[in-house]
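As given, the protein sequences belong to chains A and B, one line each in that order.
So for the first sequence, full-length UniProt numbering puts the first residue at 1; every next one is plus one.
So for the second sequence, full-length UniProt numbering puts the first residue at 1; every next one is plus one.
Number of protein chains: 2
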Amino acid sequence: MSPSDDNLPSYRLDPQVGFLLRRANQRHLALFARGIPDLTSTQFAALAKLCELGQATQNALGRATAMDAATIKGVIDRLRKRDLVDAAPDPEDQRRRTLTPTAEGRALYARLVPAAHEITAATLEPLDEDERATFLRLLEKLT
Amino acid sequence: MSPSDDNLPSYRLDPQVGFLLRRANQRHLALFARGIPDLTSTQFAALAKLCELGQATQNALGRATAMDAATIKGVIDRLRKRDLVDAAPDPEDQRRRTLTPTAEGRALYARLVPAAHEITAATLEPLDEDERATFLRLLEKLT
DNA sequence: CAAAATCCGTTTGTATACTAACAATAATCC
DNA sequence: GGATTATTGTTAGTATACAAACGGATTTTG
Numbered sequence: 001m002s003p004s005d006d007n008l009p010s011y012r013l014d015p016q017v018g019f020l021l022r023r024a025n026q027r028h029l030a031l032f033a034r035g036i037p038d039l040t041s042t043q044f045a046a047l048a049k050l051c052e053l054g055q056a057t058q059n060a061l062g063r064a065t066a067m068d069a070a071t072i073k074g075v076i077d078r079l080r081k082r083d084l085v086d087a088a089p090d091p092e093d094q095r096r097r098t099l100t101p102t103a104e105g106r107a108l109y110a111r112l113v114p115a116a117h118e119i120t121a122a123t124l125e126p127l128d129e130d131e132r133a134t135f136l137r138l139l140e141k142l143t
Numbered sequence: 001m002s003p004s005d006d007n008l009p010s011y012r013l014d015p016q017v018g019f020l021l022r023r024a025n026q027r028h029l030a031l032f033a034r035g036i037p038d039l040t041s042t043q044f045a046a047l048a049k050l051c052e053l054g055q056a057t058q059n060a061l062g063r064a065t066a067m068d069a070a071t072i073k074g075v076i077d078r079l080r081k082r083d084l085v086d087a088a089p090d091p092e093d094q095r096r097r098t099l100t101p102t103a104e105g106r107a108l109y110a111r112l113v114p115a116a117h118e119i120t121a122a123t124l125e126p127l128d129e130d131e132r133a134t135f136l137r138l139l140e141k142l143t
């Protein structure tokens, strides 16, 4: 043992993946809130995926957007309150609620898509073309 | 205009950076909760940084751990309730509270450091050595 | 077919995370 | 030195996020 070999734990917070992921996410969320003040990023994700799919049950939409049942419920409640999403009982399965974007929801989504693309670009702005592709490829593996 | 050139917005949620960042963060948080059930990742970050620094005022610790004043307050409240952190008034500035890790806090931190390293490794496990370095380098730029 | 297991949506509780506003204190400026 | 400005910590309000438990509906299984 060297004289400096004490039992102080060798750990620094700053370079840890978890800390960096959290901060990168924070930065992205700030850019999102600035670019799309109308909706939170989660609400936009739910609306976007629902417009992609045309319709979905509540829990299925949650799975498609990586939100658990309790989370997607709150998100959908808020979107419904603003008449962006409609919920109808499923005649074939009485447990299910079939969600559909309203005309207003689809219109808002269509209107916001350009801003959403700009937010993605702004988030990746510190990287050059090659780095972006690399980063997205690797990030996808950590999902 | 080609016949297929309609006004449907071209947007897919799945490949967007924001969506991937959120999911990567979720995966990391799940690994963290499994590896360190004692503390949340945020609480551990605050405790770790405080042990690194020795002491800090509340808002300064928040800045060092990327938490705003309202967030760090709740985190510190919970750590204090568990006697992991001590808060003393600063005689030089009566607005400030000087935070210090308790002996128990330092012991817990020292005990958890190996698990924290394992969580970092588990989070990055899908990447090989080169990819990890690349990913961390690029992620740091998006902070 | 009946029992068990699963799935659906809901509710409660806890923990981030940010905005906004606030009182108390410090620092700065004219 | 007095007014303005900034900082510190607090509070209230909103929005994810997840765990755990629940009743009801459906599916699987024995």
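Cβ coordinates follow ideal geometry from the N, Cα and C atoms, glycine included.
{"Check": "Could you say if the region 122-137 of chain A and the region 46-59 of chain A meet the contact criterion of at least three C-beta pairs nearer than 8 angstroms?", "Outcome": "no"}
{"Check": "Using a cut-off of 7 angstroms between C-beta atoms, extract the partners of B:Pro126 located in chain A.", "Outcome": "Lys141 and Leu142"}
{"Check": "For A:Gly74, count the other beta carbons within 10 Å of its own beta carbon; 16 or more makes it buried, fewer makes it exposed. Which is it?", "Outcome": "exposed"}
{"Check": "Jot down the residue ranges of each uninterrupted beta strand (DSSP E) in the region 67-137 of chain B, minimum 3 residues, whole runs only, in chain order.", "Outcome": "85-89 and 97-101"}
{"Check": "Going by Cα to Cα distance, which pick from A:Pro114, A:Val85, A:Phe135 and A:Arg97 is closest to residue 148 of chain A?", "Outcome": "Because residue 148 of chain A is not part of the residues shown, which for chain A are 1 to 143, the question remains open."}
{"Check": "For A:Ile76, collect the residues of the same chain with a Cβ closer than 8 angstroms to its Cβ; drop the 5 residues on either side in sequence, then sort them by chain order.", "Outcome": "Ala46, Gln58, Leu61, Val85, Ala87 and Leu99"}
{"Check": "Compare the C-beta of A:Pro101 against all C-beta atoms of chain B and say whether one is closer than 7 angstroms.", "Outcome": "no"}
{"Check": "Give the single residue among A:Gln55, A:Ala30 and A:Gln94 whose Cα lies nearest to the Cα of A:Thr102.", "Outcome": "A:Gln55"}
{"Check": "Quick one: is A:Arg22 buried, meaning 16 or more other Cβ sit within 10 Å of its Cβ, or exposed?", "Outcome": "buried"}
{"Check": "Mapping the DSSP letters down to three states, classify A:Thr57 as helix, strand or coil.", "Outcome": "strand"}
{"Check": "For the region 130-138 of chain B against the region 106-119 of chain B, do three or more pairs of beta-carbon atoms, one drawn from each stretch, fall closer than 8 angstroms, so that the two count as touching?", "Outcome": "no"}
{"Check": "Within 7 angstroms of any Cβ in chain A, is that where the Cβ of B:Gln16 sits?", "Outcome": "yes"}
{"Check": "Taking B:Tyr109 as the reference, which of B:Leu31, B:Asp68 and B:Ser41 has the closest Cα?", "Outcome": "B:Ser41"}
{"Check": "State the DSSP-derived secondary structure class of B:Leu142, mapped to helix, strand or coil.", "Outcome": "coil"}
{"Check": "Check whether chain A comes within 7 angstroms of B:Asn25, counting only Cβ atoms and requiring the distance to be less than that.", "Outcome": "yes"}
{"Check": "Mind checking whether A:Leu20 and B:Leu29 have CB atoms under 7 angstroms apart?", "Outcome": "no"}
{"Check": "Quick one, which of B:Glu92, B:Leu39, B:Leu31 and B:Gln16 has its alpha-carbon nearest B:Asp83's?", "Outcome": "B:Leu39"}
{"Check": "How long is the line joining the alpha carbons of A:Gly18 and A:Leu136, rounded to whole angstroms?", "Outcome": "17 angstroms"}
{"Check": "If you run the structure through DSSP and keep just helix, strand and coil, what is A:Ser41?", "Outcome": "helix"}
{"Check": "What separation, rounded to the nearest whole angstrom, lies between the Cα atoms of A:Pro126 and A:Ala24?", "Outcome": "12 angstroms"}
{"Check": "In terms of residue numbering, what span does the alpha helix (DSSP H) encompassing B:Arg12 cover?", "Outcome": "Taken as a continuous stretch (DSSP letters only), B:Arg12 belongs to no alpha helix (DSSP H), as it is neither H nor E."}
{"Check": "Report the neighbours of B:Glu131 on chain A: residues whose CB is nearer than 7 angstroms to its CB, in chain order.", "Outcome": "Leu138"}
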